[in-house]
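Reading the sequence shown from the start, the letters are residues 202 to 273 in the numbering used here.
Quick reminder that beta carbons are idealized off the backbone N, C-alpha and C, glycines included.
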Amino acid sequence: MRDLSAASDAELVVAHNAGNRRAFGLLYQRHRLWVYRRVLSIVRLPDDAADIDQEVWTTLARQLPGYSPDAQ
202 MRDLSAASDA ELVVAHNAGN RRAFGLLYQR HRLWVYRRVL SIVRLPDDAA
252 DIDQEVWTTL ARQLPGYSPD AQ
C-alpha cells in the first residue's frame, strides 16, 4: 500500500472512496483543529462546538462517496 501521508486532500478522498479507511483518518488529522476552531468561533460554547464538530465529520464521511474530484 502506498504511503498516504504525502497525498493531497483530493487523493485522500479518492482513496477513501475506494475503501481505504486510513485515508479519512488522515483527512481528519489534517483538518480537525481548523474545523473545531471554526465551529467554536460561531457557537462560542465548547460543548456545543464539540457536538457540531462530530456531526460535521460524520456527515462528511457519509457524503464523500458522492464526491468526484473531476466535477466542477
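Apart from the five residues just before and just after residue i, which ones in its own chain have a Cβ nearer than 8 Å to its Cβ?
| i | result |
| --- | --- |
| residue 205 | 212, 213, 216, 221, 223, 224, 227 |
| residue 237 | 250, 251, 254 |
| residue 207 | none |
According to DSSP, is residue i part of a helix, a strand, or is it coil?
| i | result |
| --- | --- |
| residue 203 | coil |
| residue 272 | coil |
| residue 219 | coil |
Skipping 5 residues on each side, what residues in its chain have a beta carbon closer than 7 Å to that of residue i?
| i | result |
| --- | --- |
| residue 265 | 214, 217, 218 |
| residue 258 | 229 |
In whole angstroms, what is the alpha-carbon distance linking residue i and residue j?
| i | j | result |
| --- | --- | --- |
| residue 231 | residue 210 | 9 Å |
| residue 248 | residue 271 | 37 Å |
| residue 269 | residue 241 | 29 Å |
| residue 235 | residue 261 | 15 Å |
With a threshold of 6 Å on Cβ separation, who are the neighbours of residue i within its own chain once the five nearest residues in sequence on each side are excluded?
| i | result |
| --- | --- |
| residue 244 | 250 |
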